[in-house]
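The structure appears below as structure tokens.
Number of protein chains: 2
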Amino acid sequence: MDLHARKQTLRLLSNGVYVITSTTGARYGAATATWISQASFKPPLVMAAIRRDSNVFACLMESRTAAVHILDRGQEAMAQRFFSPTKVLGDTINGEPFLPGSTRAPVLRNAKAYFEAVVHHTFMLGDHAVVVMEVVEAECRGDVCPLTVEASPWEYGG
Amino acid sequence: MDLHARKQTLRLLSNGVYVITSTTGARYGAATATWISQASFKPPLVMAAIRRDSNVFACLMESRTAAVHILDRGQEAMAQRFFSPTKVLGDTINGEPFLPGSTRAPVLRNAKAYFEAVVHHTFMLGDHAVVVMEVVEAECRGDVCPLTVEASPWEYGG
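Same order as they appear, the protein sequences are chains A and B.
So for the first sequence, this note's numbering puts the first residue at 1; every next one is plus one.
So for the second sequence, this note's numbering puts the first residue at 1001; every next one is plus one.
Structure, rendered in structure tokens:
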């Protein structure tokens, strides 16, 4: 296999830019993620590939819950904040105000759309875990024009 | 949970438009799919949620191989062809010329980019199966501006 062709081709898969959050006890995890897709209508499942060495993955494995935020075009700075290690100060996480959601996962107040989910299965197959979650709560506050990887300054994949 | 909000929010997840193909013995399956994402760099894994009642899923479960084609903007008519049941006539599948790939999965000649993959695991959790595959071959013939669901006439999700 031509490794350059493989990288080129995999980078043609279309993805959005999301922030995934989770908490367990006093520990919090939050990270920008792009490898997320719906996986079923009934029940409403979502699959996410999440770095196995991340704090958010450790939290999610314990709490079995997470929130996924859909970023809007123009929210690149918000995405960037979650490239850094998770830091909670008062009611902010990486500088972003949050409230506990119905699953207790941190819900970012500046995200216009998000869902909360309960983890059904995690599969440890590669450097990212495949996490299959059922959506249990969702909110969409106004119009959103989702930020995509393609429209962002970043690349992830290949 | 507000079901309208759930539908609205899940439709904000960004996806591309792909054609996935597979064959086993004399049987062929091909379908348009959108719920596909990379899932690992090392090894190079991709996760796809595929309708469990589809012909392509039946083929892929037997052959353990598939090809995923990335459609270009302007190839909506090609996507539409694979909304219909699979029909092979000579060296065409649903009217599209193909050649057997290195895994034997049908490779569509009019797709500018595709990869072939070997199925590692299938998880039957919802109305779509979550299929985790390892990329074993890839080709990118020229520039591609990937067709996205958002830029297409269709919606899938919610």
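Don't be surprised by glycine CBs; every beta carbon is placed ideally from N, CA and C.
Just so you know, these numbers come straight off a predicted model, no measurement behind them.
Candidates the options: which alpha carbon is nearest residue i's?
i                      : options                        : result
residue 1157 (chain B) : B:1056, B:1086, B:1090, B:1036 : B:1036
residue 44 (chain A)   : B:1080, B:1063, B:1065, B:1127 : B:1127
residue 13 (chain A)   : B:1019, B:1062, B:1104, B:1080 : B:1019
residue 86 (chain A)   : A:72, A:63, A:57               : A:57
residue 1083 (chain B) : B:1048, B:1055, B:1001         : B:1055
residue 21 (chain A)   : A:70, A:146, A:140, A:121      : A:70
residue 1114 (chain B) : B:1050, B:1139, B:1061         : B:1139
residue 125 (chain A)  : A:51, A:1, A:62                : A:51
residue 1053 (chain B) : B:1063, B:1038, B:1031, B:1067 : B:1031
residue 1011 (chain B) : A:63, A:153, A:38              : A:38
residue 63 (chain A)   : A:25, A:89, A:88               : A:25
Can you list, in chain order, the residues of its chain with a C-beta nearer than 8 Å to that of residue i? Leave out the 5 residues immediately preceding and following it.
i                     : result
residue 110 (chain A) : 75, 78, 96, 97
residue 149 (chain A) : 14, 15, 16, 17, 34, 155, 156, 157
residue 142 (chain A) : 112
For the beta strand (DSSP E) containing residue i, list its first residue and its last residue.
i                      : result
residue 1023 (chain B) : 1018-1024
residue 1136 (chain B) : 1128-1140
residue 1037 (chain B) : 1036-1040
residue 99 (chain A)   : 96-100
Within its chain, find whatever has a CB closer than 6 Å to the CB of residue i; leave out the 5 residues flanking it on each side and keep chain order.
i                      : result
residue 1103 (chain B) : 1065, 1116
residue 1048 (chain B) : 1036, 1131
residue 1108 (chain B) : 1069, 1096, 1098
residue 1137 (chain B) : 1102, 1116
residue 1067 (chain B) : 1021, 1101, 1105, 1107, 1114, 1116
residue 1088 (chain B) : 1028
With a cut-off of 8 Å on the beta carbons, I'd call residue i and residue j a contact; round off their distance for me.
i                      : j                      : result
residue 1023 (chain B) : residue 1106 (chain B) : 6 Å
residue 101 (chain A)  : residue 59 (chain A)   : That pair is no contact at about 13 Å.
residue 1041 (chain B) : residue 121 (chain A)  : Contact doesn't hold; Cβ gap of about 21 Å is too wide.
residue 151 (chain A)  : residue 73 (chain A)   : 7 Å
Tell me which same chain residues have a C-beta within less than 7 Å of the C-beta of residue i, skipping the five on either side of it?
i                      : result
residue 1145 (chain B) : 1072, 1073
residue 134 (chain A)  : 43, 44, 45, 117, 118, 120
residue 1061 (chain B) : 1122
I'd like the span of the alpha helix (DSSP H) that includes residue i, first residue to last.
i                      : result
residue 223 (chain A)  : Since the first residue shown for chain A is 1 and the last is 158, residue 223 (chain A) is missing from the structure and cannot be characterised.
residue 51 (chain A)   : Premise fails: residue 51 (chain A) lies in the beta strand (DSSP E), 45-51, not in any alpha helix (DSSP H).
residue 71 (chain A)   : Neither: residue 71 (chain A) is in no alpha helix (DSSP H) and is coded neither H nor E.
residue 1076 (chain B) : 1076-1081
ask   = Counting pairs of beta carbons, one from the region 1005-1022 of chain B and one from the region 89-98 of chain A, are three or more of them closer than 8 Å?
value = No, the region 1005-1022 of chain B does not touch the region 89-98 of chain A.
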